[in-house]
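Presented below is the structure to which this report refers.
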Amino acid sequence: MSLSSLSSLSDHEGPTVSRRRNNQMLNAFEKYNDAEFRARFRLSKETVLYLESVFGNSIKPPTRRSRAIQPMDQILITLRFYATGSYQRVIGDIFNIEQPTVHRIVHRVTAKIASMKSQYINMPTRQECLDVAHNFYGIANFPRVVGAVDCTHIKINSPGGAQSELYRNRKGYFSLNVQMVCDSHLRIRNIVARWPGSVHDSTIFNDSPLCAMLERGDFGNFYILGDSGYPCRPYLLTPLLNPRTAAEVAYNRSQISTQNPVERLFGVLKRRFPCLQNGLGLKLENIPPIIVACAVLHNIAIYRQDELTEEEPTLLNEAVEEAVAQPIGLNTNQNFVVRTMLINTHFTN
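Position one of the sequence shown corresponds to residue 1227 (the working numbering), numbered consecutively onward.
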């Protein structure tokens, strides 16, 4: 069966190997201890059981035949793909099923998880803003912050065609440039996962629904923080490029420390789901749902206090690199009034 003939789950979808091997498919909850399970599937057993309770019924096969792949196995197959980014490794490591079946399952379960975005990824409400700002203030005494924004690149294969070079980023590889906003607990509050790698962070922000919300004043006198790759605005505060006074130095130090959670988020997200770090060699249209699904699962893990314990690898500070390589021109960065008032009232001794 070719990938072009893929369709929804059928009565006969399942392993084409012998009944003996099919019975060996996987009972991961018995086969692996907690640490081994988490290493392979990037979530705890308890969280995976929670996922099955939330949407397992919606992915049940329309048959109880022994060869039908049940919701728990579909979820584990998908999580194993997120942990490897490879259909072949999913098949070879654990599951005795063919690649076309894995392909169908991964994209079906991914679509279901991504469809839950509005339940798990939201900017703070007016009532929540005070609590979110209080937690940000605890980092470095920066007031009224409800989010930290930045972009990260997810490697992809060349999509081909006349527009393919739009996806080649300044480092020379093909990517999607994905914008995220997080709070101080690294919970993802907003995500945009559709822009080619060559597009600047500020362009993505300016075109986003979040920018329109901020322009309307949906968050009152609260701010989000960005690095110097963004234009300074009344609702988006950035570092000063050349701080001169003690108050400006204090502002920069506080701003950079308070914006840092979004950098930590990228490291944590890519460590939990290595497919985002190693790259996704799929058709372009299949990649954004996987990125969103990983973001949803990240937030679910935070809600459930499901933390990875292995050491986080050292990742490059993408925000610093982007700001140095593609600084915002002064002619587009003139909204300094709010920032100057904050420096003079809050950061002056």
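Glycine included, every Cβ here is placed at the ideal spot set by N, Cα and C.
- [ ] Enumerate, from N- to C-terminal direction, the unbroken beta strand (DSSP E) stretches of 3 or more residues contained entirely within the region 1378 to 1437.
- [x] 1401 to 1408, 1414 to 1422
TODO: Note the first and the last residue of the continuous beta strand (DSSP E) segment covering Ala1450.
DONE: Here the question's residue 1450 lines up with position 224 in the sequence shown. According to the sequence as given, residue 1450 is Ile; it is not Ala. Here the beta strand (DSSP E) through Ile1450 covers 1449 to 1451.
Task: Cutoff 8 Å; reference Phe1573; Cβ partners in own chain excluding five residues on either side - done: Position 347 of the sequence shown, counting from 1, holds the residue named residue 1573. Same-chain partners within the cutoff: Ala1473, Glu1474, Ala1476, Tyr1477, Ser1480.
Open item on the list: When you compare the CB positions of Gly1373 and Asp1409, do they come within less than 8 Å of one another, or not?
Closed with: Within the sequence shown, numbered from 1, the residue matching residue 1373 stands at position 147. Within the sequence shown, numbered from 1, the residue matching residue 1409 stands at position 183. A contact, by the Cβ cut-off of 8 Å.
Open item on the list: For Asn1308 and Phe1368, what's the separation of their Cα atoms in angstroms?
Closed with: Locating residue 1308 in the sequence shown gives position 82, where the first residue counts as 1. Locating residue 1368 in the sequence shown gives position 142, where the first residue counts as 1. Here residue 1308 is Tyr; the residue named in the question, Asn, does not match the sequence. Distance between the alpha carbons of Tyr1308 and Phe1368 is about 36 Å.
- [ ] Use the C-beta contact count for Asp1376: other C-beta atoms within 10 angstroms, 16 or more gives buried, fewer gives exposed.
- [x] Stepping through the sequence shown from its first residue, residue 1376 is reached at position 150. Flag for Asp1376 reads buried.
Task: Same chain only: Cβ atoms within 7 Å of Ile1339, ignoring 5 sequence neighbours per side - done: The count along the sequence shown starts at 1 and reaches residue 1339 at position 113. Same-chain partners within the cutoff: Ala1519, Val1522, Leu1523.
TODO: Please state whether DSSP places Asp1444 in a helix, a strand or coil.
DONE: Against the sequence shown, residue 1444 aligns to sequence position 218. Coil at Asp1444, not helix or strand.
Task: Rounded separation between Gln1503 and Asn1575 - CA only - done: Working through the sequence shown from its first residue, we reach residue 1503 at position 277. Working through the sequence shown from its first residue, we reach residue 1575 at position 349. Going from the Cα of Gln1503 to the Cα of Asn1575 covers about 43 Å.
Open item on the list: What would DSSP say about Asp1576, mapped onto helix, strand or coil?
Closed with: Because residue 1576 is not part of the residues shown, which for the chain are 1227 to 1575, the question remains open.
- [ ] Check whether the Cβ atoms of Asp1583 and Gln1485 sit closer than 8 Å, and answer yes or no.
- [x] No answer is possible for residue 1583: the residues shown for the chain start at 1227 and end at 1575.
Task: Within 8 Å, strictly: CB atoms of Val1494 and Leu1436 - done: The residue given as residue 1494 occupies position 268 in the sequence shown. The residue given as residue 1436 occupies position 210 in the sequence shown. No.
Task: Residue-chain proximity (Arg1470, chain C), Cβ-Cβ < 8 Å - done: Included in the structure is just one protein chain, with no chain C present.
Task: CB contact flag (Phe1499, Arg1330, <8 Å) - done: Against the sequence shown, residue 1499 aligns to sequence position 273. Against the sequence shown, residue 1330 aligns to sequence position 104. No. Outside cutoff.
- [ ] Assign Lys1381 to one of two classes, buried (16 or more other C-beta atoms within 10 Å of its C-beta) or exposed (fewer than that).
- [x] Within the sequence shown, residue 1381 is the residue found at index 155, counting from 1. The residue in question, Lys1381, is buried, as its Cβ has 16 or more Cβ neighbours within 10 Å.
Task: Inter-residue spacing [alpha-carbon to alpha-carbon] between Arg1396 and Asn1253 - done: Walking along the sequence shown from the start, residue 1396 turns up at place 170. Walking along the sequence shown from the start, residue 1253 turns up at place 27. Distance between the alpha carbons of Arg1396 and Asn1253: 45 Å.
TODO: Identify whether Gln1345 lies in helix, strand or coil by the three-state DSSP scheme.
DONE: Here the question's residue 1345 lines up with position 119 in the sequence shown. Helix at Gln1345.
Task: Classification of His1577 by the beta-carbon crowding that lies within 10 angstroms, buried from 16 upward - done: What the structure shows of the chain is the stretch from 1227 to 1575, and residue 1577 is not part of that stretch, so it cannot be assessed.
TODO: Identify, in the order they occur along the chain, each residue of the same chain with its Cβ nearer than 8 Å to the Cβ of Asn1561, setting aside the five sequence neighbours on each side.
DONE: Sequence index remark: in the sequence shown, residue 1561 carries index 335 (1-based). Result list for Asn1561: Pro1457, Cys1458, Arg1459, Pro1460, in chain order.
Open item on the list: With H, G and I counted as helix, E and B as strand and the rest as coil, what does DSSP make of Asp1376?
Closed with: In the sequence shown, the residue the question calls residue 1376 occupies position 150. Strand, per DSSP.
Open item on the list: Using only CA atoms, which one of Gly1318, Ala1438, Leu1462, Glu1441 lies nearest to Tyr1449?
Closed with: As a working note, residue 1449 is residue 223 in the sequence shown. Of the candidates Gly1318, Ala1438, Leu1462, Glu1441, the one whose C-alpha sits nearest the C-alpha of Tyr1449 is Leu1462.
Task: Same chain only: Cβ atoms within 8 Å of Leu1542, ignoring 5 sequence neighbours per side - done: To locate residue 1542, count along the sequence shown from 1; it is residue 316. Residue placement at Leu1542 cannot be trusted, given a pLDDT of 37 that sits under 50; what the coordinates show is reported in the next sentence. Excluding sequence neighbours, Leu1542 sits near nothing in its chain.
Open item on the list: Along the chain, where does the alpha helix (DSSP H) containing Ser1483 start, and where does it finish?
Closed with: Taking the sequence shown and counting its residues from 1, the one referred to as residue 1483 is at position 257. Note, Ser1483: alpha helix (DSSP H), 1472 to 1485.
Open item on the list: Helix, strand or coil for Arg1268? Go by DSSP, reduced to three states.
Closed with: Taking the sequence shown and counting its residues from 1, the one referred to as residue 1268 is at position 42. Arg1268 falls in the coil class under three-state DSSP.
Open item on the list: I'd like to check one pair, Gly1505 with Gly1311: are the Cβ atoms closer than 8 Å?
Closed with: By one-based count along the sequence shown, residue 1311 stands at place 85. By one-based count along the sequence shown, residue 1505 stands at place 279. Against a cut-off of 8 Å, the Cβ pair of Gly1505 and Gly1311 comes out as a contact.
TODO: Count the other CB atoms, across all protein chains shown, that sit within 10 Å of the CB of Asp1357; report buried if there are 16 or more and exposed otherwise.
DONE: Looking up residue 1357 in the sequence shown gives position 131. Exposed.
- [ ] Pull up the CB-CB distance for Val1332 and Ile1295, whole angstroms please, since I reckon it's below 8 Å.
- [x] Taking the first residue of the sequence shown as 1, we reach residue 1332 at position 106. Taking the first residue of the sequence shown as 1, we reach residue 1295 at position 69. Contact doesn't hold; Cβ gap of about 12 Å is too wide.
- [ ] Look at Thr1336 and Ile1516 and say whether their C-beta atoms are less than 8 Å apart.
- [x] Taking the first residue of the sequence shown as 1, we reach residue 1336 at position 110. Taking the first residue of the sequence shown as 1, we reach residue 1516 at position 290. Contact: yes.
Task: Exposed unless 16 or more other CB atoms sit within 10 angstroms - verdict on Val1563 - done: Along the sequence shown, read from residue 1 onward, the residue named residue 1563 stands at position 337. When all chains shown are included, Val1563 counts as exposed.
TODO: Verify whether the separation of the beta carbon atoms of Arg1266 and Tyr1258 is less than 8 Å.
DONE: Here the question's residue 1266 lines up with position 40 in the sequence shown. Here the question's residue 1258 lines up with position 32 in the sequence shown. In contact: Arg1266 and Tyr1258 (Cβ atoms closer than 8 Å).
- [ ] Give a yes or no on whether the C-beta atoms belonging to Glu1278 and Ile1301 are separated by under 8 Å.
- [x] To locate residue 1278, count along the sequence shown from 1; it is residue 52. To locate residue 1301, count along the sequence shown from 1; it is residue 75. Going by C-beta atoms, Glu1278 is nearer than 8 Å to Ile1301.
Task: Inter-residue Cα distance where the pair is Met1439 and Val1407 - done: For the purposes of this step, residue 1439 is identified with residue 213 of the sequence shown, where counting begins at 1. For the purposes of this step, residue 1407 is identified with residue 181 of the sequence shown, where counting begins at 1. Their Cα atoms are separated by approximately 13 Å.
Task: Rounded straight-line distance, which links the Cα of Tyr1346 to that of Pro1287 - done: Within the sequence shown, the letter at position 61 stands for residue 1287. Within the sequence shown, the letter at position 120 stands for residue 1346. Roughly 26 Å separates the two Cα atoms.
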